[in-house]
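K.L.:
In this note's numbering, the protein residues as written are 836 to 895.
Glycine included, each C-beta is placed from N, C-alpha and C at the ideal position.
And the structure:
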């Protein structure tokens with residue numbers, strides 16, 4: 836996520852070099868707020884329940 840398209844392209848290109856990983860463009864910087872809040876929730880669930888939760892996006 837970000838507002839600087841050349842930087843996003845560079846990061847996505849680097850991510851594509853990692854085996855079994857695919858980068859996704861999450862839109863502008865304003866969208867990062869929601870992902871960061873969701874990440875905090877996952878961390879809290881993991882801490883409270885001693886779990887290893889995560890999210891998998893399918894169908895793209």
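Since residue 895 and residue 859 should fall inside the 8 Å C-beta cutoff, what is the C-beta to C-beta distance between them, to a whole number of angstroms?
P.N.:
Rounded, the Cβ-Cβ distance is 7 Å, consistent with contact.
K.L.:
Please report how far the alpha carbon of residue 871 lies from the alpha carbon of residue 852, in whole angstroms.
P.N.:
Just so you know, the alpha carbons of residue 871 and residue 852 end up roughly 24 Å apart.
K.L.:
Thinking C-beta only, is residue 836 closer than 9 Å to residue 843?
P.N.:
In this structure, residue 836 lies closer than 9 Å to residue 843 by Cβ.
K.L.:
Just the Cα atoms here: how many angstroms apart are residue 893 and residue 881?
P.N.:
In this model, residue 893 and residue 881 are separated by some 22 Å (Cα to Cα).
K.L.:
Any idea what DSSP makes of residue 879, helix, strand or coil?
P.N.:
If DSSP states are grouped into helix, strand and coil, residue 879 belongs with the helices.
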